[in-house]
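Q: Quick one: structure below, then a few questions.
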Amino acid sequence: MEVSDTSTVGSDSGKAFGCLGHVRYSTTGGYWDSSVQPVTVGDGRLRLSLAFNGTIANYRDLLQLAKDLDPGLLRRGVESDTYALALALYSITKELGGDVVEGVKELSKYVAGAYSLAVLTPGPRLVLARDPRGFRPLAYTDLGDTLYAASETAALDVLGLSSWREVEPGAVVSFDGRSLEVTRSPVAIEPSPCIFEYVYFSRPDSYFNGVSIYVARYRMGEALARVAPAEADVVVPVPDSARVAALGYSTASGIPLADGLVVNKYVGRVFISPPGVRGQLSKLKYGVVRETVSRRRVVLVDDSIVRGTTMRSLVSKLRGGGALAVHVRISSPPFRCPCFMGIDVASRRELVAWRAADIDAVRREIGADTLAYNTLEGLTSAVGLPKVCHACFSCRYPFPGLNVENLERMFGW
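Numbered per my numbering, the sequence shown spans residues 238 to 650.
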């Protein structure tokens with residue numbers, strides 16, 4: 238975790254009103270300091286700090302919008318989507334007479350992408366909002382004179398703030414230290430939250446759109462056992478995100494579950510690490526419990542295979558630990574298309590399922606004896622919502638007129 242002390246937005250009296258913290262990785266604009274959130278823009282008359290979770294596909298359009306409204310705003314060489322979002326919000330809010338709530342609502346008309354955002358102004362005011370499709374989570378607890386907000390419900394639970402509520406898709410929550418007001422974006426559209434939150438991103442003790450992440454992952458494992466059985470002696474989860482799915486697979490298949498891999502907690506998530514270090518981190522992250530895997534046929538359950546870097550290393554480690562066979566089972570379908578709504582996968586060239594001719598080619602690349610995936614129907618049924626975004630699996634994006642080719646061009650890949 239890195240903390241950047243870049244600026245302070247307090248009340249007009251000079252006393253601190255609130256704070257924004259951010260530890261999310263970068264998906265546009267690189268990994269350098271100028272991309273670190275929160276971003277603060279404006280001056281004494283109107284100043285705001287913004288942090289958000291997501292990705293803005295048309296962030297260059299937002300930069301142009303801000304430039305058209307206020308040509309003196311742009312800083313040379315800074316081109317992250319956070320900066321574009323903050324500048325566009327500032328420019329729109331300024332045009333609307335300084336009402337940041339109305340600015341956030343108006344901003345939703347111009348954004349193609351995903352955002353769950355928090356904005357702090359010297360009003361004093363804290364504003365929370367989710368995009369109308371509700372791609373990313375955002376929750377809050379209102380204690381009357383204090384508002385706590387986080388990108389996962391689990392973060393509020395661990396603070397003892399269990400009376401949380403989720404910000405609804407398209408909702409705008411405004412808090413001034415005395416009262417809370419909830420309004421809505423003028424953009425009316427059916428929500429399509431990101432299915433990968435249920436597969437991988439969210440903690441299992443979190444809820445997203447009222448659905449328990451734990452229950453969804455357990456059901457994914459059960460569905461996987463039905464469509465992809467294996468002749469094996471032990472089910473081994475890839476810790477930690479696949480543990481619940483592996484439990485569901487074990488229960489449904491009758492094959493005992495055991496820890497065959499131990500995770501190095503100091504390495505962090507390889508999937509969201511900078512590109513140049515992923516291979517080395519995947520080798521350092523896991524150790525093998527030989528007593529679990531030696532002379533046994535192993536079902537290795539993971540939540541997804543994205544680039545193939547980690548899975549190739551894991552299969553090799555299990556064979557080195559004495560496994561007689563390694564059957565890889567994945568609780569989601571093949572990850573075939575890049576995400577432009579908040580996952581750091583920008584090009585099909587990164588994806589092993591897109592590069593490979595078929596599933597058997599992926600199997601050969603990772604070195605497994607067998608490889609099988611969950612179906613898209615099994616995955617969506619496990620989540621149980623009427624509509625979700627599954628573009629990373631289906632290549633069907635929820636924005637009219639946008640497909641993978643023009644989205645890749647939009648991002649310059």
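Yeah, the Cβ is synthetic: ideal placement off N, Cα and C, and Gly gets one too.
For clarity, every value in this text was computed on a predicted model and none was experimentally measured.
What whole-angstrom Cβ distance do R585 and V641 have, given they're in contact under 8 angstroms?
A: Between the beta-carbon of R585 and that of V641 there is about 7 angstroms, and that keeps the pair under the 8 angstroms contact cut.
Q: Rounded to a whole number of angstroms, what is the C-alpha to C-alpha distance between L363 and D379?
A: 12 angstroms
Q: Hey, V475 and L494: beta-carbon distance below 8 angstroms or not?
A: no
Q: Check C256 in the structure and name its three-state DSSP category.
A: coil
Q: Secondary structure at N611, three-state DSSP: helix, strand or coil?
A: coil
Q: Check T245 in the structure and name its three-state DSSP category.
A: Note that T245 scores 49 on pLDDT, short of 50, meaning its location in the model is unreliable and no value can be drawn from it.
Q: Need the endpoints of the alpha helix (DSSP H) that S353 sits in, please.
A: From DSSP, S353 is part of no alpha helix (DSSP H) but of the beta strand (DSSP E) over 350-358.
Q: Here's the rule: buried if 16 or more other CB atoms are within 10 angstroms of the residue's CB, otherwise exposed. What is T218?
A: The question about residue 218 has no answer, for the chain in this structure spans 238 to 650.
Q: Report the residue ranges of all alpha helix (DSSP H) runs contained in full by the stretch 434-502; include only those spanning at least 4 residues, in chain order.
A: 450-464, 480-490
Q: Measuring alpha carbon to alpha carbon, tell me which residue in A469, L521, H564, A355 is nearest T546.
A: L521
Q: Comparing alpha-carbon positions, which option in E459, V395, R527, V337 lies nearest F412?
A: Ranking the options by Cα distance to F412, first place goes to V337.
Q: Just curious, the alpha helix (DSSP H) that Y385 is in, first and last residue?
A: Here Y385 belongs to no alpha helix (DSSP H); instead the beta strand (DSSP E) covers 384-387.
Q: Given a threshold of 16 other Cβ atoms within 10 Å of its Cβ, counted over all protein chains shown, does A560 qualify as buried or as exposed?
A: buried
Q: Could you have a look at S411 and say whether DSSP puts it in helix, strand or coil?
A: In the structure shown, the three-state DSSP call for S411 is strand.
Q: In terms of residues, what are the limits of the alpha helix (DSSP H) holding E602?
A: 596-603
Q: Does K624 pass the burial test, meaning 16 or more other C-beta atoms within 10 Å, or should it be called exposed?
A: exposed
Q: In the structure shown, what three-state DSSP assignment does L551 receive?
A: For L551, the three-state secondary structure derived from DSSP is helix.
Q: Return the first residue and the last residue of the beta strand (DSSP E) that A294 is part of.
A: Premise fails: A294 is in no beta strand (DSSP E) and is neither H nor E.
Q: With a CB to CB cut of under 6 angstroms and the five nearest residues on each side skipped, what residues in its chain are close to S241?
A: Its pLDDT being 42, under 50, S241 is placed unreliably in this model, and the coordinates cannot settle the point.
Q: Contact defined as beta carbons within less than 8 angstroms: I believe L568 pairs with G458. What is the distance between those atoms, to the nearest angstrom?
A: Sequence inspection shows Ser at residue 568; the Leu mentioned does not correspond to that position. Contact holds; Cβ gap of about 6 angstroms.
Q: Would you identify the three-state DSSP class for V424, choosing helix, strand or coil?
A: coil
Q: Strictly by DSSP, which residues pair up with E403?
A: A376
Q: Closest to L613 by C-alpha separation, out of R527, V599, A483, L461, would be which residue?
A: Of the candidates R527, V599, A483, L461, the one whose C-alpha sits nearest the C-alpha of L613 is L461.
Q: Using the beta-carbon count (16 or more within 10 Å), is S399 buried or exposed?
A: exposed
Q: Taking 8 angstroms as the threshold (C-beta atoms), are F630 and T292 in contact?
A: no
Q: Give the DSSP bridge partners of E642, in chain order.
A: Answer is none; E642 lacks a bridge partner.
Q: P441 and I216 - do their beta-carbons sit closer together than 8 angstroms?
A: No answer is possible for residue 216: it lies beyond the span of the chain, which begins at 238 and ends at 650.
Q: Starting from the C-beta of T420, find all residues in its chain whose C-beta is less than 6 angstroms away, skip the five residues before and the five after it, and write them out in chain order.
A: Excluding residues within five positions, the ones whose Cβ falls inside 6 angstroms are V409.
Q: Cβ atoms of V464 and N611: under 8 angstroms apart, would you say?
A: yes
Q: Find the nearest neighbour of L396 within the set V436, S478, A386, judged by alpha-carbon distance.
A: A386
Q: Which one of S531, G621, S541, D307 has the shortest CA to CA distance from G558?
A: S531
Q: If you compare alpha carbons, which of E403, R646, D539, S618 is closest to R480?
A: D539
Q: Under the rule that 16 or more other beta-carbon atoms within 10 Å means buried, what is D305, buried or exposed?
A: exposed
Q: Quick one: grab the DSSP three-state call for L363.
A: L363 falls in the strand class under three-state DSSP.
Q: According to DSSP, is Y347 helix, strand or coil?
A: Of the three classes helix, strand and coil, the one that applies to Y347 here is coil, per DSSP.
Q: Run the CB neighbour count on A349, radius 10 Å, all protein chains shown included, and call it buried at 16 or more, exposed below.
A: It is buried - the Cβ of A349 has at least 16 other Cβ atoms within 10 Å.
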